[in-house]
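In this note's numbering, the protein residues as written are 9 to 173. Idealized CB from N, CA, C, for every residue including glycine. Values in this document were obtained by computation on a predicted structure and should not be read as measured data. Shown next, in structure tokens, is the structure this report addresses.
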Amino acid sequence: MGYKDKEKQREYLKKYYERNKHKNLDHKREIKKLWRENNKEKISAYNSNYAKEHREDINQREKLKRDADPVYRMKLNLRKMTRRSIKNFNVKGNSELLGCSYNEVRNHLTKQFKDGMSWDNYGEWHIDHIIPLASASTEEDVKKLFHYTNLQPLWAEENLIKGSK
């Protein structure tokens with residue numbers, strides 16, 4: 009490069025970077041990916057430590073997101089229900105059990121809303137299993153009962169009265 013004038017050198021590097029921006033970004037991505045692959049333990053330890061030290065902040069952000077985004081809350085609730093069933097029956101994950109995407113579940117539930125139900129008041133109503141999960145006795149039963157066609161919106165009070173019936 010050999011520029012004695014720092015200003016010319018800076019200008020040259022700026023132009024070079026602009027001309028080769030995509031190459032540089034791809035290269036940086038590759039380097040970061042390689043670093044992450046080679047430092048999994050380090051990253052895991054850092055994330056674990058961060059989570060412990062910032063538990064309250066993380067919980068607060070999660071709460072705000074759950075309160076602000078009903079679809080996010082629905083996803084969390086479905087995941088939680090799925091996890092519980094997976095623990096008991098050792099079946100595969102969410103979309104396989106639901107039989108569709110979260111957006112399709114949302115549309116399915118929206119079509120069944122009763123007067124006064126909306127995603128803004130999710131929490132006042134529950135996602136109910138028409139045939140209760142408690143009736144499952146096999147892995148196949150769980151798969152059938154978690155399918156989105158077995159889900160309906162139900163007012164919280166009705167759902168609590170219904171219980172596992």
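Excluding the 5 residues preceding and the 5 following residue i in the sequence, name in chain order all residues of the same chain whose CB lies nearer than 8 Å to its CB.
i	result
Gly124	none
Arg44	Ile51
Asp128	Pro78
Ile66	Ala59
Which residues in the same chain as residue i place their Cβ atom closer than 7 Å to its Cβ, once the five residues preceding and following it in sequence are excluded?
i	result
Ile139	Leu153 and Asn158
By Cβ distance below 6 Å, which residues in the same chain neighbour residue i in space, the five residues on each side in sequence not counted?
i	result
Ala144	Val150 and Leu153
Lys122	none
Asn115	none
Ends of the alpha helix (DSSP H) at residue i?
i	result
Asp34	Lys29 to Asn46
Asn158	Segment: none, Asn158 is in no alpha helix (DSSP H) and carries neither H nor E.
Lys170	Ala164 to Lys170
Taking the CB atoms as reference points, tell me whether residue i and residue j lie closer together than 8 Å.
i	j	result
Asp136	Gln120	no
Val113	Tyr54	no
Leu162	Trp133	yes
Tyr110	Lys83	yes
Tyr130	Arg81	yes
Mind checking residue i: buried by the 16 CB within 10 Å criterion, or exposed?
i	result
Leu42	exposed
Tyr58	exposed
Leu105	buried
Leu33	exposed
Asn72	It is worth fixing the name first, because residue 72 is Leu in this sequence and not Asn. Per the 10 Å Cβ criterion, exposed.
Leu117	buried
Tyr2	It is not possible to answer for residue 2, since the shown part of the chain is limited to 9 through 173.
Leu21	exposed
Minimum length 4: unbroken alpha helix (DSSP H) runs contained in the region 68-154: 78-97, 102-106, 110-119 and 147-154
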